[in-house]
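Residue numbers (this note's numbering), protein chains in the order written: chain A, 1 to 280; chain B, 1 to 280. Just below is one structure, and these are the notes that go with it.
There are 2 protein chains.
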Amino acid sequence: MNVWVTEWQTPDVGLSLKVKAVLWQERTPYQELAVVDTEAYGRVLLLDGAIQTTDRDEYVYHEMITHVPLTVHPHPRRVAVIGGGDGGTIREILKHPEVEEVHLVEIDERVVEASRRFFPRIAEKLDDPRVHLHFTDGIAWVRDARNFDVILVDSTDPVGPAEGLFTPAFYASLAAALGPDGIATVQSESPFLQADLIRRIHTGMRASFAGVYLYLANVPTYPSGLWSFTLGSKGPDPGAARPGPAGMATRYWSPEVQAAAFRLPVFVQELVRAEEPAQP
Amino acid sequence: MNVWVTEWQTPDVGLSLKVKAVLWQERTPYQELAVVDTEAYGRVLLLDGAIQTTDRDEYVYHEMITHVPLTVHPHPRRVAVIGGGDGGTIREILKHPEVEEVHLVEIDERVVEASRRFFPRIAEKLDDPRVHLHFTDGIAWVRDARNFDVILVDSTDPVGPAEGLFTPAFYASLAAALGPDGIATVQSESPFLQADLIRRIHTGMRASFAGVYLYLANVPTYPSGLWSFTLGSKGPDPGAARPGPAGMATRYWSPEVQAAAFRLPVFVQELVRAEEPAQP
Chain A
1 MNVWVTEWQT PDVGLSLKVK AVLWQERTPY QELAVVDTEA YGRVLLLDGA IQTTDRDEYV
61 YHEMITHVPL TVHPHPRRVA VIGGGDGGTI REILKHPEVE EVHLVEIDER VVEASRRFFP
121 RIAEKLDDPR VHLHFTDGIA WVRDARNFDV ILVDSTDPVG PAEGLFTPAF YASLAAALGP
181 DGIATVQSES PFLQADLIRR IHTGMRASFA GVYLYLANVP TYPSGLWSFT LGSKGPDPGA
241 ARPGPAGMAT RYWSPEVQAA AFRLPVFVQE LVRAEEPAQP
Chain B
1 MNVWVTEWQT PDVGLSLKVK AVLWQERTPY QELAVVDTEA YGRVLLLDGA IQTTDRDEYV
61 YHEMITHVPL TVHPHPRRVA VIGGGDGGTI REILKHPEVE EVHLVEIDER VVEASRRFFP
121 RIAEKLDDPR VHLHFTDGIA WVRDARNFDV ILVDSTDPVG PAEGLFTPAF YASLAAALGP
181 DGIATVQSES PFLQADLIRR IHTGMRASFA GVYLYLANVP TYPSGLWSFT LGSKGPDPGA
241 ARPGPAGMAT RYWSPEVQAA AFRLPVFVQE LVRAEEPAQP
């Protein structure tokens, strides 16, 4: 049989993957959730038709959203993840031995259940004693949070349940939830396809963080294959990152890859520079 | 009307673009050539169904195949391009004022004709007096060439007319066609999807070049969005590249982006390192 799943990455661009089997489909209280097994990328988790994670390339996104802020912060002990119900970001965070507690704030418990069942290698650390699960709205949760070292916003696209995670008010809450050296990193979509959104995120974060920095990673199943993250820092400079835990096993991230990820192509640099305050 | 063009990037992955108009279709003596106008990427040139270049992202590939080797070579005066009939690589080469002559060796004259007609901004330098056009087989042409400073292999995928451009025998010809400081750079496909091919290219180039180096760039319309180039050097070290012409206008490349392009993700580094000679 010739079955394909297509993500309409924009109204004008589709990525199609040949399907071996549709493993799961449900409508949760928040979104449509599907798990399909594909020839090219193994098992794929889709929310509202958008690819969230795949067995074969998940390491890129999860390593890069995690190890960059956790090596920029001087001593990340208390960490929170907003979204990220598949557990991949949790798995990477727990590779840092100095982390004492991690809070996962996922609005949709069904995402966590699906990941435990269909993506056991991604979800493998969700039962670690350092992990605290909160099935609730991340916006309200962050409003009451205080003294975190690092908060990672591992969200879906800015439509549906994640929309409120892309607002200046939320970035102000993030900053207030962080301690003095605090770092927040948010996934910020593709520079090729969502330039305006990246500009808005950058401007929004600048109102609440002393330093705001964009960095990039290559995720083949995300639109355009080039993904961005925006890091807001209340103090530490990404140029002075620690090298990371000795012998930490990674497949994409290294200290050298991290340094290179901040060297932006000219068109991306111009995109962000326009949002910086004018130089005297 | 709802018209789409789909490239089957592998038997299991397709990229679809919404079409405004099909502008041209022909079967040349060598391949099927098509030009379509798309919503997302403007005009797109396809050969045998594979996207070669688009108005909106062509600068990434053309800048990165060109400016890296031309700044690694200490004085690139004589340059050749094998393939590259759209003319984008020629346009970038001629941004380097020290270049005295460029030879474009394209097997299919119809590609050049289509580019002149449908991609005038890409083809704009094909009539420069420094450019010499040769509509002939690149393999035979390189066999007789001597004393080039830089040769760029701007080929299609290793099926059809370009197959012979991915062999150790061709890499030996390239090395023989270069002067003592000579540099060859070949487009070498996607690390996510063509790992075996990248290994074969690396091994093949190592037999003929003192130093072989992989570097990366983000091309959203190429499979996986992450593209590689393999640079073979008879002498110069990419770590000692010149900064490039003062004030050169680019949209992707910069000296910093060039340095970062050689910092390979762990999985890519391992892919290539396996092909290096064992350390004592």
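Virtual Cβ for every residue (Gly too), placed ideally from N, Cα, C.
I'd like to know if residue i contacts chain A, where contact means its C-beta is closer than 9 Å to some C-beta of that chain.
i	result
phenylalanine 267(B)	yes
glutamate 58(B)	no
proline 218(B)	Inspection of the sequence shows that residue 218(B) is occupied by asparagine rather than by proline. Output row for asparagine 218(B): interface = yes.
lysine 18(B)	yes
glutamate 106(B)	no
glycine 225(B)	yes
Spell out whether any CB of chain B is found under 9 Å from the CB atom of residue i.
i	result
proline 280(A)	Low confidence applies here, because proline 280(A) scores a pLDDT of 47, under 50, leaving its location unreliable; read the following figure in that light. Judged by the 9 Å Cβ criterion, proline 280(A) is not in contact with chain B.
arginine 273(A)	no
alanine 241(A)	no
arginine 263(A)	yes
phenylalanine 192(A)	yes
tryptophan 4(A)	yes
Around the Cβ of residue i, are there at least 16 other Cβ atoms within 10 angstroms (buried) or fewer (exposed)?
i	result
alanine 240(B)	exposed
glycine 83(B)	buried
glutamine 25(A)	exposed
asparagine 218(A)	buried
proline 280(B)	At proline 280(B) the pLDDT is 48, less than 50, meaning the model places this residue with poor confidence; the figure from the coordinates comes in the next sentence. Proline 280(B) is exposed by the Cβ-count criterion.
histidine 132(B)	exposed
methionine 1(B)	exposed
glycine 247(A)	exposed
valine 22(A)	exposed
arginine 263(B)	buried
aspartate 108(A)	buried
alanine 207(B)	exposed
arginine 273(B)	exposed
alanine 40(B)	buried
Check for me: the alpha helix (DSSP H) holding residue i runs from which residue to which?
i	result
glutamine 269(A)	266-273
valine 68(B)	58-72
tryptophan 141(A)	138-144
glutamine 258(A)	255-261
leucine 133(B)	Looking at the DSSP string, leucine 133(B) is not in any alpha helix (DSSP H); the run it does join, the beta strand (DSSP E), is 131-134.
leucine 165(B)	Counting along the chain, leucine 165(B) falls outside any alpha helix (DSSP H), and DSSP gives it neither H nor E.
glutamate 32(B)	From DSSP, glutamate 32(B) is part of no alpha helix (DSSP H) but of the beta strand (DSSP E) over 32-38.
valine 281(B)	Past the boundaries of the shown model lies residue 281(B); chain B is included only from 1 to 280, so the question cannot be answered.
alanine 195(A)	195-206
arginine 91(B)	88-93
What does residue i reach in chain B if we use C-beta pairs closer than 9 Å?
i	result
glycine 282(A)	Nothing can be reported for residue 282(A): it is not among the residues displayed for chain A, which extend from 1 to 280.
threonine 38(A)	Asp12, Val13
Starting from residue i, find everything on chain B with Cβ-Cβ shorter than 8 Å and list it in chain order.
i	result
valine 257(A)	Arg263, Leu264, Pro265, Val266
What does residue i reach in chain B if we use C-beta pairs closer than 7 Å?
i	result
serine 254(A)	Val266
serine 228(A)	Near serine 228(A) there are no residues of chain B at all, since even the closest Cβ is about 11 Å away, more than 7 Å.
Can you name the residues of chain A whose CB is closer than 7 Å to the CB of residue i?
i	result
alanine 260(B)	Ala260, Arg263
Kindly indicate the opening and closing residues of the beta strand (DSSP E) around residue i.
i	result
arginine 43(B)	42-47
arginine 27(B)	13-27
isoleucine 183(A)	178-187
glutamate 101(B)	101-105
arginine 78(A)	78-83
aspartate 149(B)	148-154
Along chain A, which residues have their Cβ under 8 Å away from the Cβ of residue i?
i	result
arginine 251(B)	Pro265, Val266, Phe267
Closest Cβ-Cβ distance between residue i and chain D: below 9 Å?
i	result
aspartate 127(A)	Reference to chain D is not applicable here, since the protein chains of this structure are A and B.
| Contact between the region 68-81 of chain B and the region 30-45 of chain B (3+ Cβ pairs under 8 Å) | Because the criterion of three Cβ pairs below 8 Å is not met, the region 68-81 of chain B and the region 30-45 of chain B do not touch.
| said: Under 8 Å, with one C-beta from each stretch per pair, do the region 149-159 of chain B and the region 184-199 of chain B reach the 3-pair mark? | reply: Pairwise C-beta distances place the region 149-159 of chain B in contact with the region 184-199 of chain B, as three or more of them are shorter than 8 Å.
| said: With three or more beta-carbon pairs closer than 8 Å as the criterion, would you say the region 133-148 of chain A touches the region 166-178 of chain A? | reply: Yes, since at least three Cβ pairs between the region 133-148 of chain A and the region 166-178 of chain A fall closer than 8 Å, the two stretches touch.
| Any contact of the region 199-208 of chain A with the region 251-261 of chain A, i.e. 3+ C-beta pairs under 8 Å? | No, the region 199-208 of chain A is not in contact with the region 251-261 of chain A.
| Do three or more CB pairs link the region 43-57 of chain B to the region 156-173 of chain B at distances below 8 Å? | With contact defined as three or more Cβ pairs closer than 8 Å, the region 43-57 of chain B and the region 156-173 of chain B are in contact.
| said: Contact between the region 9-16 of chain B and the region 2-21 of chain A is defined here as three or more beta-carbon pairs at a separation below 8 Å; is this criterion met? | reply: Segments in contact, yes.
| request: Check whether the region 120-134 of chain B touches the region 98-110 of chain B, counting contact only when three or more Cβ pairs, one atom from each stretch, lie closer than 8 Å. | output: Per the Cβ contact rule, the region 120-134 of chain B is in contact with the region 98-110 of chain B (3 or more Cβ pairs under 8 Å).
| request: Could you tell me whether the region 107-122 of chain B touches the region 51-67 of chain B, using the rule of 3 or more Cβ pairs below 8 Å? | output: Taking a cut-off of 8 Å for Cβ pairs, the region 107-122 of chain B and the region 51-67 of chain B touch, as three or more such pairs fall below it.
| So does the region 57-65 of chain B actually touch the region 87-94 of chain B, counting three or more Cβ pairs closer than 8 Å? | Contact between the region 57-65 of chain B and the region 87-94 of chain B is present: three or more C-beta pairs spanning the two stretches fall below 8 Å.
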